[in-house]
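Mapping of the sequence shown onto our numbering: residues 5 to 202, in sequence order. Ideal placement from N, C-alpha and C gives every residue a C-beta, glycine not left out. Nothing here was measured: the structure is a model prediction, and the numbers come from that model.
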Amino acid sequence: GDNVDDFLSRAKSYIRHGIDTYERLGSGWIFDNLQCAHIEIAKYSPLSASGNVSIPEKLSKMRSVLNIKSSDNKCFLYCLLAKLYPATGSNIDRHTKYLPHIEKINMGTVQFPVKIKDIAKVEELNKVSISVFQWCVEEECVLPLKHGSEIGEPVDLLYLENEGFAHYLLIKDFNAFMRHRTKYHHTMFYCRKCMHGF
């Protein structure tokens, strides 16, 4: 809950239990005392994405990334649809290209904009494995945010946060997308967990 005293009491019990377990397992160490503890408290805002953000130039030039334009906070849904039911022809970056298939994705009770913590529910409902990576605007690098369930069709999403707004983009080809990290552009297989190429 919101009760700080209750939280501190539970934290103290958790730490005591950890110390007892550590000593019992034959570490050879004995805990004497705690001289200082520092606690920082911050408001928790779960990551979620919605609408449009300004796409960095480097990303906008990548053919391996699809930025689907919409204003209804459903960029996550459109990315799933674009992967599972790819549009053909021109203007594949328009959300209207995917509306004919919108009923094929079961979102259950997951609300828009979709939070990272709710993606596991969507994976289970639709038998897809959704991996999410974050694009760091300043460093122009990518970091893993959420590993896919590894059950069903793999879907790779890019989470972009810029100027207080967030947005999901579809990574159409993960291996091609990861080549941005090197000056060599030959084909490699990239691990979604360790991010290394082989």
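Assess, as a yes-or-no matter, whether the stretch 146 to 157 is touched by the stretch 119 to 130 under the definition of 3 or more beta carbon pairs within less than 8 Å. yes
So P60 and V136 are in contact, right, with Cβ under 8 Å, and what is the actual spacing, rounded? Actually they are not in contact, since the Cβ atoms of P60 and V136 sit about 18 Å apart, beyond 8 Å.
Where do the ends of the beta strand (DSSP E) carrying I34 lie? It is not in any beta strand (DSSP E) - I34 carries neither H nor E in the DSSP assignment.
Can you round the beta-carbon distance between K87 and N95 to whole angstroms, since I take them to be within the 8 Å contact cut? With a Cβ gap of about 17 Å, K87 and N95 do not count as contacting.
Quick check: the Cα distance between E127 and K16, rounded to an integer number of angstroms? 36 Å
Using the three-state DSSP reduction, which class does R14 fall into: helix, strand or coil? helix
Three-state secondary structure (DSSP) of G5: Residue placement at G5 is poorly supported in this model, since its pLDDT is 47, which falls under 50; the coordinates are not used for a value here.
Taking the beta strand (DSSP E) that I207 belongs to, which residues open and close that run? Because the chain here runs from 5 to 202, residue 207 falls outside it and cannot be looked at.
Please report the straight-line C-alpha distance between K78 and K197, rounded to a whole angstrom. 26 Å
Where do the ends of the beta strand (DSSP E) carrying I109 lie? Element bounds for I109: n/a, residue is neither H nor E.
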